[in-house]
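Report on the structure given below.
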């Protein structure tokens, strides 16, 4: 059994700095009073910074999947066609959400661990000129694949006058995603990933084009009605329904923390730490699910080495080293393990995680091509040097 | 501007005891690991106690309105008819949620401040034998009306083989509601009301009859899919999506607190405190929206006295006395004020609130039929005496 505080290296929730934990101790207030108005105003302003947008971004009292439900449900009415790109658990969830709203998905898929070709989306558009929207996961948390074609998909969406929905839950602030520049109409993020906030809030941005479309959809869900979020924000600086106030405090602090570090620096830190993981795992002879440019900045997914029980390694990491590592999801259960390299990821966390994984694998009989402690020492030295060029992290 | 800690006498969120605030400081953990499993197990068991049911009760990462969306969306598919009783803002929201799912509401309504007659529901059933469900708010937070016919409606629902949905968000644990005994198929509660927990979680109970119906509904919302909640709980003692962990800690503590006090004692305390408010306001010549047996145990709604600006009184209560009081909602905005008498409501809170309201009204020129301080002194003495027969409250 795990006891005490674990290093959370699962792909969310991630480690939360003390300043954000402290923010949650603030007293419960009236969500229809002046103190809430200034809190909400601060959150809304700083969310625009995080999303690099001039559009509205609203925090929802919901998990990330609630944010996806919101995005899809506002746009898709029964009978509407939607191109859904999927290449993992979360892409399939997005597709399923569309089906539940009576949508007709046009599938663009790829093997898990890979990403579809852009060509397939173009074909789907040519064959289905009547689709209402294109929706995809940017960073597939179940496979560690980042589909780096969002800018191109945004252009395509604009050319064909389609609404473009991007699930960026596990990647916003961990990789490039200039929402306006890339023509993303609805972008979804989660609190418990690169923002280093506890789980419970998802954030959704909405372009003016998206508003025009969703206003025509009389079946959009009441709880997630973005027009209603807009009206309450503009008229009173309030949410339509009682928000998860404690998490709003945390999110406000997390966004201030992000601004202090700077979005570009935050992204760069994620990239550098992920590269350290990839370098160490490559040298150790471990195989990642994603290859080349699809490798994620935030989720590192690795196949269990032949003959090695990954679940046993994860258990040892948890119990011996106090490091929580994610397992495989869906059809990958028992076949791979996943590391969340997010939020306040830094050299000591990378080192500790590498040590936990390597020690576990060694104990289970994995044969390293070179001395694992040497790999760690060299990788962490290089990592520290690279991070030293970024502003210091203040937790 | 309000500063520091306010006494929250709005109809939710309500005051949170220190033990529940402290619970939220616990570290963020893996929601797919053993520590979460024992937390979730504890919550699920204690929710059955709070709802007086042997059925499943699940905590959702959502506001109360999300719980309503869940209840309605799991049952109502496009074209389904549903009897919706409404007599205030929250009843109208429930109706609107049904409309958004393509439901066809059969309206049973009453003037705000009143409740419909049971006869109207029977007529609606006779005229619409094909309705799939009957849905109502038990305690209408916008008017302070409790519709004390849930038991009869439950019998009717069972006789006619309809699913019975009850929005008990602002009343569960504050008034009688034995879910199984009264044949409630889906009951919705909120964390931030009589459970004295911060906002951000709603709880939904589901009968086996309701499961049978919802499994046939292929349009049930993905995020709020109760079958999925059931499967994840039964198979792994987990939630389908990352939960709002911090609030789960709070809810767990709040439910333990409830068990320690005892549900019957909790309800009795709410009743006694509400009666103290009603007695004081009656003696002061103020008029409540609800009359007689419709008077709520948890929300006391009062008309602004003729010529008195209720908003000004609320502002003074907030700024001079540090007491937050609710205003009118919807078409009652500016016409009434509302007191939430919930959660850890106790004699000192009642006294402080009465003082704030009476002082404000006096300053604004309201003429009391007798000395307000005398009313308070007598009411609070009687209240203290009545509460002394209940077990002491341990915050």
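Chains as they are written, first to last, in our numbering: chain H, 1 to 395; chain X, 1001 to 1395.
No residue lacks a Cβ here, since even glycine has one placed at the ideal position from N, Cα and C.
Predicted model only: the values in this text are computed from it and were never measured.
Where residue i meets chain H, residues with beta-carbon distance less than 7 Å
i               : result
residue 1029(X) : 6
residue 1016(X) : 28
Chain H residues whose Cβ lies nearer than 9 Å to that of residue i
i               : result
residue 1395(X) : Simply none; closest approach about 14 Å.
residue 1097(X) : 221, 222 and 223
residue 1010(X) : 30, 31, 32 and 33
residue 1013(X) : 28, 29, 30, 31, 242 and 245
residue 1078(X) : 78, 102 and 219
Element boundaries [alpha helix (DSSP H), containing residue i]
i               : result
residue 356(H)  : 347-363
residue 1372(X) : 1372-1387
residue 1252(X) : 1245-1261
residue 150(H)  : 150-159
residue 1007(X) : Element bounds for residue 1007(X): not the alpha helix (DSSP H) but the beta strand (DSSP E), 1007-1009.
7 Å Cβ cutoff met for residue i and residue j
i               : j               : result
residue 299(H)  : residue 13(H)   : no
residue 1137(X) : residue 1083(X) : no
residue 221(H)  : residue 73(H)   : yes
residue 171(H)  : residue 184(H)  : no
residue 95(H)   : residue 86(H)   : yes
residue 162(H)  : residue 133(H)  : yes
residue 122(H)  : residue 106(H)  : no
residue 1144(X) : residue 1301(X) : yes
residue 1297(X) : residue 1274(X) : yes
residue 173(H)  : residue 50(H)   : yes
residue 175(H)  : residue 53(H)   : no
residue 20(H)   : residue 197(H)  : yes
Residues that residue i contacts on chain X, provided the C-beta gap is smaller than 7 Å
i              : result
residue 324(H) : 1030 and 1033
Boundaries of the beta strand (DSSP E) in which residue i is found, first to last residue
i               : result
residue 340(H)  : 336-340
residue 1187(X) : 1186-1190
residue 86(H)   : 81-86
residue 326(H)  : 323-327
residue 1063(X) : Here residue 1063(X) belongs to no beta strand (DSSP E), and DSSP marks it neither H nor E.
residue 299(H)  : 299-303
residue 1201(X) : 1201-1206
residue 130(H)  : No beta strand (DSSP E) contains residue 130(H), which DSSP labels as neither H nor E.
Secondary structure of residue i, DSSP reduced to three states
i               : result
residue 1135(X) : strand
residue 1221(X) : coil
residue 1034(X) : helix
residue 1056(X) : strand
residue 1317(X) : helix
residue 1014(X) : coil
residue 1001(X) : Confidence at residue 1001(X) is low in this model, with a pLDDT of 37, below 50, so the placement of that residue should be treated as unreliable; the coordinate-derived value is given next. Looking at residue 1001(X) - three-state DSSP - the assignment turns out to be coil, as it is neither helix nor strand.
residue 179(H)  : coil
residue 1109(X) : strand
residue 167(H)  : strand
residue 1022(X) : helix
residue 390(H)  : coil
residue 212(H)  : helix
residue 1094(X) : helix
residue 125(H)  : helix
Partners in chain X for residue i, counting only beta-carbon separations shorter than 8 Å
i              : result
residue 247(H) : 1200, 1244, 1246 and 1247
residue 25(H)  : 1021, 1024 and 1025
residue 241(H) : 1063, 1064, 1065 and 1066
Per-residue contacts from residue i into chain X (C-beta, under 9 Å)
i              : result
residue 69(H)  : 1221, 1222, 1223 and 1224
residue 192(H) : 1028, 1242 and 1245
With 16 other Cβ atoms within 10 Å as the buried cut-off, status of residue i
i               : result
residue 1212(X) : exposed
residue 1324(X) : buried
residue 255(H)  : buried
residue 1383(X) : buried
residue 294(H)  : buried
residue 1(H)    : Reliability of the predicted coordinates at residue 1(H) is poor, the pLDDT of 36 falling under 50, and the value obtained from them is presented with this limitation in mind. Result: exposed.
residue 1387(X) : buried
residue 1395(X) : exposed
residue 128(H)  : exposed
residue 1379(X) : buried
residue 1103(X) : buried
residue 371(H)  : exposed
residue 328(H)  : buried
residue 108(H)  : buried
residue 234(H)  : exposed
heavy atom of the ligand FMN below 6 Å from residue i C-beta
i              : result
residue 148(H) : This structure lacks the ligand FMN; in fact it carries no ligand of any kind.
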